[in-house]
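Note sheet for the following structure.
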Amino acid sequence: MATRRVLLRAWQLSCLANLAALHGLQDDFELHPPDLLLFYNLTQVREADCRAFTHRAAQGDTELLANLPDQRAALQRVALACLGGPRLRLSASDLLLLGVLVCDMDASSIMAADPRVLQNLQRCHRLTAPQQAALNTLLASGETTLGPPGSWNLEGLRALGPLATYISSSLWMQVQQVGCSGVGGCPAGCGQGEGCPAGLPAATQLGTGVPSPSLPQGFHPWGGRRNQGPLPAPHQGMESVCPLCQAVGLDFFGSTVATYRAGRLSQQDARRFVTDFLKAKAESVSSRPKRGTATGRPCLRGDITAATLRDDLFLVHYDCVQLESCLGSRVLKANLDPLLQHPLPAECQRVVKAKLARVYPRGVPEEQLPLIASLVYLYSRSEIGQWNVTSRDTVVALLASDVALENQTEAVLQKYLDHNGTLTGALLVAIGGSRLCWMSARQIQAIRPSEFRLAGALDISSCPQSRKDVLYAKAREAFGSTRTTAAYYRFMRPYLGGAPVEELRHLVQANVSMDIDTFTNLNPHVLQSLSVGNVTTLLGQNVGDLQKARSHPTISSWLRSLNRSALGELGLDTDPAGLSGPGRSTTVTPNTAPRGPYPAPTSGLPRHSAPASGSPPAHLGYLPLSVALPSGLLWLLYWGTPGLSQDCSWDTRTMASEDGAAPAPRAGKRGLVAGVHHVRHSRGPQGWSPPTSSSQDRELE
Numbered sequence: 286m287a288t289r290r291v292l293l294r295a296w297q298l299s300c301l302a303n304l305a306a307l308h309g310l311q312d313d314f315e316l317h318p319p320d321l322l323l324f325y326n327l328t329q330v331r332e333a334d335c336r337a338f339t340h341r342a343a344q345g346d347t348e349l350l351a352n353l354p355d356q357r358a359a360l361q362r363v364a365l366a367c368l369g370g371p372r373l374r375l376s377a378s379d380l381l382l383l384g385v386l387v388c389d390m391d392a393s394s395i396m397a398a399d400p401r402v403l404q405n406l407q408r409c410h411r412l413t414a415p416q417q418a419a420l421n422t423l424l425a426s427g428e429t430t431l432g433p434p435g436s437w438n439l440e441g442l443r444a445l446g447p448l449a450t451y452i453s454s455s456l457w458m459q460v461q462q463v464g465c466s467g468v469g470g471c472p473a474g475c476g477q478g479e480g481c482p483a484g485l486p487a488a489t490q491l492g493t494g495v496p497s498p499s500l501p502q503g504f505h506p507w508g509g510r511r512n513q514g515p516l517p518a519p520h521q522g523m524e525s526v527c528p529l530c531q532a533v534g535l536d537f538f539g540s541t542v543a544t545y546r547a548g549r550l551s552q553q554d555a556r557r558f559v560t561d562f563l564k565a566k567a568e569s570v571s572s573r574p575k576r577g578t579a580t581g582r583p584c585l586r587g588d589i590t591a592a593t594l595r596d597d598l599f600l601v602h603y604d605c606v607q608l609e610s611c612l613g614s615r616v617l618k619a620n621l622d623p624l625l626q627h628p629l630p631a632e633c634q635r636v637v638k639a640k641l642a643r644v645y646p647r648g649v650p651e652e653q654l655p656l657i658a659s660l661v662y663l664y665s666r667s668e669i670g671q672w673n674v675t676s677r678d679t680v681v682a683l684l685a686s687d688v689a690l691e692n693q694t695e696a697v698l699q700k701y702l703d704h705n706g707t708l709t710g711a712l713l714v715a716i717g718g719s720r721l722c723w724m725s726a727r728q729i730q731a732i733r734p735s736e737f738r739l740a741g742a743l744d745i746s747s748c749p750q751s752r753k754d755v756l757y758a759k760a761r762e763a764f765g766s767t768r769t770t771a772a773y774y775r776f777m778r779p780y781l782g783g784a785p786v787e788e789l790r791h792l793v794q795a796n797v798s799m800d801i802d803t804f805t806n807l808n809p810h811v812l813q814s815l816s817v818g819n820v821t822t823l824l825g826q827n828v829g830d831l832q833k834a835r836s837h838p839t840i841s842s843w844l845r846s847l848n849r850s851a852l853g854e855l856g857l858d859t860d861p862a863g864l865s866g867p868g869r870s871t872t873v874t875p876n877t878a879p880r881g882p883y884p885a886p887t888s889g890l891p892r893h894s895a896p897a898s899g900s901p902p903a904h905l906g907y908l909p910l911s912v913a914l915p916s917g918l919l920w921l922l923y924w925g926t927p928g929l930s931q932d933c934s935w936d937t938r939t940m941a942s943e944d945g946a947a948p949a950p951r952a953g954k955r956g957l958v959a960g961v962h963h964v965r966h967s968r969g970p971q972g973w974s975p976p977t978s979s980s981q982d983r984e985l986e
């Protein structure tokens, strides 16, 4: 059978890995997607396959293991065991084997590694503060392919990829800020052949804070700029001397801002980069003697115009003080969109907000609201109360970003409801499950069950427990009429974090084989009421995944309440470090603690593989992945395991029909995203509450 494209999420990968282990398919790991290998039972990896397995698994996305911290740590132990144990210095060949697993290593290991460790770090979703410090130490050493900071060029900085956004302000002060972005001086055509014009040095370091004596009068290293928009007068000299010569740091700044404005760089990365870069500029400028000509001239750089705002170096030329002094109300009103397309530092954002308050004393008009999504977090409930929010599009624009906080979400939605707006299923999907976390209980209760069914599965894993409880009640109201236990469980699975102990005991009797992702999101206090037997039955064949997640707060809390005998029943009475290696032979201690889940960018994902909830910062463990599966795994995905209530194929990102029925299976290949054929006739235990018959069950069955 040829390979086929299938959408899988973390809970499905975990389920499929368990089925593969049960059927002895782990030995075919070279045919399996790297993401799937991350979930495999590492004790079944043969010692002879250790390096090959690790190399392939290290090409996967370890952020999928957000709810399996011990599995993530065990992968590193296995990898180090393959190398013969922890190394004082990781060589280039070691790094090639370790791949993305380097992202979990501590700062000392990174600093001691071969400089080619940069290639590994480029694959990390986020660096911890110690890792960022290690990266900057490594870059400052000059031992990387970029050389010392004073010799960096534009091409080398671009080659760093996302790592360049972590460069510290102290390093930016050492980067050449005047001269050419390439190697070997000014490009041909500057008037001096391959070199720079007479009297113009190839570079001046920003760290000196003093312009070279040979530079034109009044020129400063930070004057170099991309050739966009009108040039402020003090910099005309440099541009006229050598227009093709660009400052390395400034040229990179401009290209980075352009990347952000094009939507190819996250707001978080852009802000971090801009903040450190401008800090270096500010420290350099503050070290220069103050010129008397500045007295009595609040706007020193010239009035900001529409052309000025099109310049990618706008934030270099106008700091937040100059933004306050040089931005007029008329330009602000007419150019709010291009202004806010720049990754403004928080101080500059507050300046813009204050100016908007003076321009619109009765509140920002609705047509402008979609443009200020990045500022919403600065507004109080009373200020939002001045807005008119009548359009669904306005709500989506304000809340689909990742900046609004609790009060802003509730306040924006309330203004929409006050204008007779309706919380439809499409709107809930558009703003994402994370927004439900910050809706008031009253707003959640106002959602019609039919609309909640239309929304399908929303990712509410980041919600506080109080909201999970309310959302569970709403989901129960929406999906309670589902006739079969199997269908009911599929629809309720994302909302079980708010389930009471009675619901979980019903699911125990129903033999649902709950996946470990869902289990880790249960209410920790409710979990304390479940016995070892309850949990063993609830998890079914997934019970072995407790070993992979024993350090997860929810699970560790429950395990602490058990005695050693009970732990023995679960196979958790031994040191996990001794059970992780190939053939149970590895006892290497990991040198990092498991890290928690991180937000994930969703840009670049195809529309059909967007997060289930439509939520911008969706939990990576729930993001669907496109993976190609060989025939053996497709067989498991299609047929499952006869006799067990285990299914990896159900895609909960489904939408209900217009008549308000619960989500129906998506049309297409059975077994890939269709319903569960081998448990579809399962009935609930005695006392099970969902009423009988409805049109949705005929669709489901």
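Going by the numbering used here, the first residue of the sequence shown is number 286, and it counts up by one from there.
Cβ atoms here follow ideal geometry from the backbone N, Cα and C, with glycine treated the same way.
Assuming contact is defined by CB atoms lying nearer than 8 Å, are residue i and residue j in contact in what I supplied?
| i | j | result |
| --- | --- | --- |
| V688 | Y662 | yes |
| N352 | D802 | yes |
| N992 | G829 | What the structure shows of the chain is the stretch from 286 to 986, and residue 992 is not part of that stretch, so it cannot be assessed. |
| L298 | L368 | no |
| L456 | L424 | yes |
| V811 | P785 | yes |
| H602 | R615 | no |
| Q634 | L660 | yes |
| F737 | A760 | yes |
| G700 | I669 | Checking the displayed sequence, the identity of residue 700 turns out to be Lys instead of Gly. Going by C-beta atoms, K700 is nearer than 8 Å to I669. |
| L380 | P371 | no |
| P319 | A342 | yes |
| L824 | M799 | yes |
| M458 | A567 | no |
| D597 | G539 | yes |
| P447 | Q404 | no |
| N421 | S453 | yes |
| D399 | P415 | no |
| I657 | L624 | no |
| H627 | V681 | no |
| A397 | L412 | no |
| A337 | E315 | yes |
| V817 | E854 | yes |
Can you give me the Cβ contacts of residue i inside the same chain, cut-off strictly under 8 Å, excluding the 5 residues immediately before and after it?
| i | result |
| --- | --- |
| Y774 | L792, A795 and V797 |
| T675 | E651, Y701, H704 and G706 |
| R647 | Q671 |
| N819 | L789, R790 and V793 |
| G613 | D588 and I589 |
Once the 5 residues before and after residue i are set aside, which same chain residues still bring their CB inside 7 Å of it?
| i | result |
| --- | --- |
| I840 | T805, L831 and A834 |
| K618 | V644 |
| Q750 | N808 |
| S846 | Q813 |
| L684 | T694, V697, I716 and R720 |
| H837 | N352, P354 and T805 |
| P401 | Checking the sequence shown, residue 401 turns out to be Arg, not Pro. So the qualifying residues of the chain are A377 and L380. |
Less than 8 Å between the CB atoms is what I'm expecting for residue i and residue j, so what's the real figure, rounded?
| i | j | result |
| --- | --- | --- |
| C611 | P630 | Between P630 and C611 the Cβ distance is about 16 Å, and since that is not below 8 Å, they are no contact. |
| Q728 | L698 | 6 Å |
| L721 | C748 | 7 Å |
| G782 | K753 | 4 Å |
| T679 | L654 | 5 Å |
| C335 | V363 | 7 Å |
| A419 | I395 | 4 Å |
Quick one: what's got a C-beta closer than 6 Å to residue i's C-beta in the same chain, skipping five residues either side?
| i | result |
| --- | --- |
| T450 | D554, R557 and F558 |
| K640 | L617 |
| R549 | none |
| R546 | Q626 |
Any 3 or more C-beta pairs closer than 8 Å across the stretch 701-717 and the stretch 758-776: Because the criterion of three Cβ pairs below 8 Å is not met, the stretch 701-717 and the stretch 758-776 do not touch.
Stretch pair the stretch 379-387 + the stretch 412-430: three plus CB contacts closer than 8 Å: Note that the stretch 379-387 does not touch the stretch 412-430; fewer than 3 beta-carbon pairs, one per stretch, sit closer than 8 Å.
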